[in-house]
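S.K.: Take this structure first; my questions come after.
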Amino acid sequence: MENTGENAINRSYKWCFVPGCTNTSIKIPNKVFLTVPRDIKRRKMWMKMARRDDVANPPTSCLFCCEDHFNLQEDIENYCRFKIMGGRIQLKKNTIPHIFDCRKSRQHTSDTVYMKSGAAKRRRIQTLQEMEKEISKTTIMTDEITAGCSTQAMIDCSTSSSITWSDYKKCNTLKYLISSTPDEMINYISCGYGGRTSDAIIVENCGYLNEIPSGCEIMADRGFKHIEHLLTQKGCVLIRPPSIASSVKPSKAEVMHTKRIASLRIHIE
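Numbering follows full-length UniProt numbering, with no gaps: position 243 of the sequence shown is 243.
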């Protein structure tokens with residue numbers, strides 16, 4: 001173990017000998033500066049790590065290395081004592097500067113450009129992969145709908161806490177009519193209505209019927225059973241589970257049709 005360093009209260013001017021490091025005892029008074037060893041063998045090791053010319057700096061010259069190039073907690077033998085009481089720093093045996101964040105890379109420019117371009121390419125590939133995952137999620141519903149289906153949109157009413165009581169939600173809510181395309185793109189959001197307002201009244205008064213084209217199909221749940229005549233006036237068709245429209249026990253085909261509609265409408269829920 002070797003005593004290396006300067007007393008914490010020593011106010012003499014010090015500057016870091018590492019090329020590219022601009023730390024000085026004047027610029028940063030509380031910075032710890034360690035004395036470069038004068039032992040020839042150890043001094044050469046410090047010079048080599050710092051990439052300094054040891055010929056231009058004879059062993060008699062007084063050089064300093066700032067704390068930024070060490071991990072003080074791991075490299076100092078008496079770290080706890082130094083932090084509490086100050087005094088002389090004792091570096092662990094064979095400790096040399098090993099952190100050089102301030103130093104610019106000496107790699108050739110072409111290597112640097114290659115590394116940067118390679119990293120950028122990897123980032124682009126990662127971004128594309130993430131986009132592919134998102135696209136695959138949004139196209140699941142489109143794949144489930146058979147080719148040639150004339151469904152224009154699927155609708156539902158969403159609620160959020162507000163001032164009007166909703167018997168359905170059992171709390172005060174605002175209700176909005178939300179419509180989306182079969183590939184899950186939101187294409188209409190109404191203004192807010194009180195939670196007691198029925199879905200049919202919202203559809204009739206919010207202006208949504210003026211936005212849909214004639215001859216399309218609208219998929220909805222049981223809350224919209226009273227809008228069928230409104231859609232009929234537009235030449236549109238309401239698609240909803242057949243079991244909701246009749247009290248008669250549904251057939252096997254009707255049950256399968258109900259499940260199919262439910263599996264598609266789950267996206268708007």
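Beta carbons: idealized from backbone N, C-alpha and C, even for Gly.
None of the values given here were measured: they were computed from a predicted structure.
For the beta strand (DSSP E) holding I239, just list the boundary residues, first then last.
M.R.: V237 to I239 is the extent of the beta strand (DSSP E) around I239.
S.K.: Measure the alpha-carbon distance for M47 versus Q129 and round it to whole angstroms.
M.R.: Going by the C-alpha atoms only, they are around 46 Å apart.
S.K.: Tell me where the beta strand (DSSP E) around N187 begins and ends.
M.R.: Start and end: I186 to I189.
S.K.: Relative to the C-alpha of N94, which candidate in K44, I125, T60 and Q126 has its C-alpha closest?
M.R.: The residue with the shortest Cα to Cα distance from N94 is K44.
S.K.: What does the alpha-carbon distance come out to for the pair T35 and N78?
M.R.: For T35 and N78, the distance between alpha carbons rounds to 16 Å.
S.K.: Just how far apart, CA to CA, sit S64 and R123?
M.R.: This sequence places Phe at residue 64; Ser is not what is there. Roughly 41 Å separates the two Cα atoms.
S.K.: For I99, I'd like the list of residues in its chain whose CB is within less than 8 Å of its CB, leaving aside the five on either flank, ordered along the chain.
M.R.: Result list for I99: D68, H69, F70 and N71, in chain order.
S.K.: Under 7 Å, do A220 and T181 count as touching if we go by C-beta distance?
M.R.: The answer is no: Cβ separation not under 7 Å.
S.K.: Under 7 Å between the Cβ atoms of Y176 and S190?
M.R.: Yes.
S.K.: Work out the CA separation of D199 and A147 for me, nearest whole Å.
M.R.: Reliability of the predicted coordinates at A147 is poor, the pLDDT of 48 falling under 50, and the value obtained from them is presented with this limitation in mind. C-alpha separation (whole angstroms): 30 Å.
S.K.: Give the single residue among P37, T60 and K121 whose Cα lies nearest to the Cα of P97.
M.R.: Nearest C-alpha to P97: P37.
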